[in-house]
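Encoded as structure tokens, the structure appears first; notes follow it.
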Amino acid sequence: MRTELASAPSDAGRPNEDFAGVGLPASGQGGSVVVLDGVTPPRSGTGCLHSVPWFTARLGGALTELTVSLTDVPLADTLSRALARTAEAHAATCDLSHPRTPQATVVLARWNPDTVEYLVLSDSALLLESPDGAVTPVLDDRLALLPRSALATDALVDATVRNKEGGFFTAAADPPVARRAVTGSVPRREVRALAALTDGATRWVERFGEGDWTDCFRLVRKEGPQALVDRVRTLERSAATGTYRGKRHDDATVVYVEF
Numbered sequence: 003m004r005t006e007l008a009s010a011p012s013d014a015g016r017p018n019e020d021f022a023g024v025g026l027p028a029s030g031q032g033g034s035v036v037v038l039d040g041v042t043p044p045r046s047g048t049g050c051l052h053s054v055p056w057f058t059a060r061l062g063g064a065l066t067e068l069t070v071s072l073t074d075v076p077l078a079d080t081l082s083r084a085l086a087r088t089a090e091a092h093a094a095t096c097d098l099s100h101p102r103t104p105q106a107t108v109v110l111a112r113w114n115p116d117t118v119e120y121l122v123l124s125d126s127a128l129l130l131e132s133p134d135g136a137v138t139p140v141l142d143d144r145l146a147l148l149p150r151s152a153l154a155t156d157a158l159v160d161a162t163v164r165n166k167e168g169g170f171f172t173a174a175a176d177p178p179v180a181r182r183a184v185t186g187s188v189p190r191r192e193v194r195a196l197a198a199l200t201d202g203a204t205r206w207v208e209r210f211g212e213g214d215w216t217d218c219f220r221l222v223r224k225e226g227p228q229a230l231v232d233r234v235r236t237l238e239r240s241a242a243t244g245t246y247r248g249k250r251h252d253d254a255t256v257v258y259v260e261f
């Protein structure tokens with residue numbers, strides 16, 4: 003098995019809010035990938051004493067443990083348990099009902115000799131490559147399908163579409179949100195390799211249009227995750243102001259697993 007990981011903060015002066023982990027159980031049978039993209043908070047605050055990296059580190063650590071220690075528990079239930087554990091760690095000190103309590107997007111993949119399971123919540127991506135080289139993206143596109151008018155301001159997003167029916171969902175302090183994730187499984191023999199990417203890395207496809215998901219996967223397989231992150235940074239630096247929506251740079255994480 004080949005595993006590679008690259009992760010870079012949006013700016014050298016800021017902490018990386020992403021989390022990435024690969025779990026390989028002592029039995030040697032199977033494994034898991036966990037990738038989280040922490041949601042950068044607004045300046046108005048989050049109702050929480052803790053930072054987004056604090057949240058992603060604890061949620062990511064819990065998920066890495068639980069995906070390999072509770073192999074019979076479905077991934078949605080695993081995410082629910084990890085959210086409950088993380089919420090319990092700061093419920094006594096923080097307002098977890100605040101719409102911007104620390105939160106993250108989630109990609110989980112877990113495999114054994116027979117099956118590859120997956121879970122995607124919000125706008126990170128999982129790519130599955132079959133033995134014949136076909137690449138299947140697993141996406142939660144609810145945020146992408148919202149009209150730009152619904153995303154005009156942070157206040158509007160929080161009031162109308164964040165973690166609300168008809169909007170989009172992220173992992174925060176509400177364990178039942180795990181049921182909103184895109185989940186599924188495929189036979190292990192149908193997956194040769196996989197890659198998990200935060201939206202700071204998917205920009206190569208989704209913002210800059212340098213290729214499709216198959217092109218993106220081939221780049222990662224041939225040149226490694228760091229090559230994709232580096233190319234995104236080059237494209238971001240060369241983009242003219244006003245030609246894109248959102249932050250010029252974002253935390254970017256790529257995990258690649260080849261069976």
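Everything in the sequence shown is counted per the numbering used here, starting at 3 for the first residue and increasing by one.
C-beta atoms are modelled at their ideal positions from N, C-alpha and C, and glycine is treated no differently.
Which whole runs of the alpha helix (DSSP H) in the region 128-154 are 4 residues long or more, in chain order?
-> If we require 4 residues or more, the alpha helix (DSSP H) runs fully inside the region 128-154 come out as 144-147.
Straight-line Cα distance separating R220 from S70 | Taking the sequence shown and counting its residues from 1, the one referred to as residue 70 is at position 68. Taking the sequence shown and counting its residues from 1, the one referred to as residue 220 is at position 218. The residue asked about is misnamed: residue 70 is Val in this sequence, not Ser. Approximately 28 Å between the Cα atoms of the pair.
At which residues does the beta strand (DSSP E) containing S2 begin and terminate?
-> A query on residue 2 cannot be resolved here, the shown segment of the chain reaching from 3 to 261 and no further.
Exposed or buried, G47, counting other C-beta atoms within 10 Å across all chains shown (16 or more means buried)?
-> Position 45 of the sequence shown, counted from the first residue, corresponds to residue 47. It is exposed - the Cβ of G47 has fewer than 16 other Cβ atoms within 10 Å.
Continuous beta strand (DSSP E) assignments of at least 3 residues falling wholly in the region 186-239 = Correct list: 195-199.
May I ask which residues mark the beginning and end of the alpha helix (DSSP H) holding A64?
-> The residue you call residue 64 lines up with position 62 of the sequence shown. Element bounds for A64: 54-71.
Distance, G168 Cα to S151 Cα | Within the sequence shown, the letter at position 149 stands for residue 151. Within the sequence shown, the letter at position 166 stands for residue 168. Roughly 14 Å between the two C-alpha positions.
From A89, G202, A241, S126, pick the residue whose C-alpha is nearest to that of Q228; which is it?
-> To locate residue 228, count along the sequence shown from 1; it is residue 226. Distances from the CA of Q228 to each of A89, G202, A241, S126 were compared; the closest alpha carbon is that of G202.
How big is the Cα-Cα spacing for P27 and V54?
-> Indexing the sequence shown from 1 puts residue 27 at position 25. Indexing the sequence shown from 1 puts residue 54 at position 52. CA-to-CA, the gap between P27 and V54 works out to about 28 Å.
Can you tell me which of V193, L38, L72 puts its alpha carbon nearest to the alpha carbon of W56?
-> Taking the first residue of the sequence shown as position 1, residue 56 is located at position 54. It is L38 whose Cα lies nearest to the Cα of W56.
9 Å Cβ cutoff met for L141 and V179 = In the sequence shown, residue 141 corresponds to position 139, counting from 1. In the sequence shown, residue 179 corresponds to position 177, counting from 1. Cβ distance not < 9 Å, so L141 and V179 don't count as in contact.
Endpoints, the beta strand (DSSP E) within which T107 is located | Working through the sequence shown from its first residue, we reach residue 107 at position 105. Taken as a continuous stretch (DSSP letters only), the beta strand (DSSP E) holding T107 covers 106-113.
DSSP beta-bridge partners for A175?
-> As a position in the sequence shown, residue 175 is number 173, starting the count at 1. Per DSSP, A175 has no beta bridge partner at all.
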